[in-house]
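Engineer: Just remember that my numbering sits 738 ahead of the position in the sequence shown, which is counted from 1.
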Amino acid sequence: MSHNIKFKLKEVMEARGLSKNRLCILTNLRFETIQGYYLGTISRIDLYVISQFCKVLNCKIEDIIEYVGEENN
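Structure below.
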């Protein structure tokens, strides 16, 4: 990945015992959308999606997205 952003949705979901299917239901988001953040394959961050994740997972933005910088790649 060339943009130095790490998505940590997978880790947060695992810590809360949530499946992707359950997160789809709770957030009313498409499976493909959740899958993109889960795998870190998205190229544009949607603030509505992030706000839904934070609301449902009861977390902060920095819990699911991290800037890792050049030295950590």
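We put the CB at the ideal spot given by N, CA and C, even for glycine. Note that the structure is a prediction, hence the values are computed from the model and not measured.
#1: DSSP three-state label for residue 808, please.
#2: My understanding is that residue 776 touches residue 798, with C-beta atoms under 8 Å, so please give their C-beta distance in whole angstroms.
#3: Suppose contacts are defined by Cβ-Cβ distances below 7 Å. Is residue 793 in contact with residue 772 by that definition?
#4: So residue 744 is in the beta strand (DSSP E); what residue range does that whole segment cover?
#5: Which stretch, first to last residue, makes up the alpha helix (DSSP H) that contains residue 764?
#6: Between residue 801 and residue 750, which are expected to be in contact by the criterion C-beta below 8 Å, what is the C-beta distance as a whole number of angstroms?
Structural biologist: In brief:
#1: The residue given as residue 808 occupies position 70 in the sequence shown. The DSSP-derived three-state label of residue 808 is coil.
#2: The count along the sequence shown starts at 1 and reaches residue 776 at position 38. The count along the sequence shown starts at 1 and reaches residue 798 at position 60. The Cβ separation is near 18 Å, so there is no contact.
#3: Position 55 of the sequence shown, counting from 1, holds the residue named residue 793. Position 34 of the sequence shown, counting from 1, holds the residue named residue 772. No, Cβ-Cβ distance for residue 793 and residue 772 is not below 7 Å.
#4: Along the sequence shown, read from residue 1 onward, the residue named residue 744 stands at position 6. Segment 743-745, the beta strand (DSSP E) holding residue 744.
#5: By one-based count along the sequence shown, residue 764 stands at place 26. Start and end: 758-765.
#6: Along the sequence shown, one-based indexing puts residue 801 at 63. Along the sequence shown, one-based indexing puts residue 750 at 12. That belief holds up - the Cβ atoms of residue 801 and residue 750 are roughly 6 Å apart, short of 8 Å.
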